[in-house]
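In what follows, a single structure is set out as structure tokens and then discussed.
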């Protein structure tokens, strides 16, 4: 089983232009993420957190990450089916984590 890093990307200007969600909408968004996490189950190594570009060369489109375990990229693709970040118009980059010395 391999580990895969998921990077959640979205255009910062487009995100800033969106209206602030109401508390009810915010709760629905959070519920969608929690539902995805529950459906992914034990595949989640680290649910992750939001990120903000901190260094001058950092990519500001990366807004968060997760780390999942899967046997293949195809399995990760199935895990990402219906993911709330994609439903919001964002994209998800998938990177297989390569163990050192393996």
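Numbering (my numbering), first residue to last: 1 to 102. Every residue gets a Cβ at the ideal spot worked out from N, C-alpha and C, and that includes glycine.
For this session: Indicate whether residue 67 and residue 93 have their beta-carbon atoms separated by less than 7 Å.
Result: no
Exercise. Roughly how many angstroms separate the alpha carbons of residue 48 and residue 6, rounded to a whole number?
Worked result: 9 Å
For this session: Please go through the region 40–98 and give each complete alpha helix (DSSP H) segment of 4 or more residues, from N-terminal end onward.
Result: 73–79 and 84–87
For this session: For residue 4, I'd like the list of residues in its chain whose CB is within less than 8 Å of its CB, leaving aside the five on either flank, ordered along the chain.
Result: 67, 68, 69, 70, 73, 76, 94, 95, 96 and 97
For this session: Have a look at residue 34 and residue 56 and give me their C-alpha separation to the nearest angstrom.
Result: 32 Å
For this session: Return helix, strand or coil for residue 2, following the three-state DSSP convention.
Result: strand
For this session: With a threshold of 16 other CB atoms inside 10 Å of the CB of residue 63, please say whether the residue is buried or exposed.
Result: buried
Problem set entry | Classification of residue 14 by the beta-carbon crowding that lies within 10 angstroms, buried from 16 upward | exposed
Exercise. Can you name the start and end residues of the alpha helix (DSSP H) that residue 17 belongs to?
Worked result: 12–17
Exercise. How many angstroms separate the CA atom of residue 25 from the CA atom of residue 91?
Worked result: 21 Å
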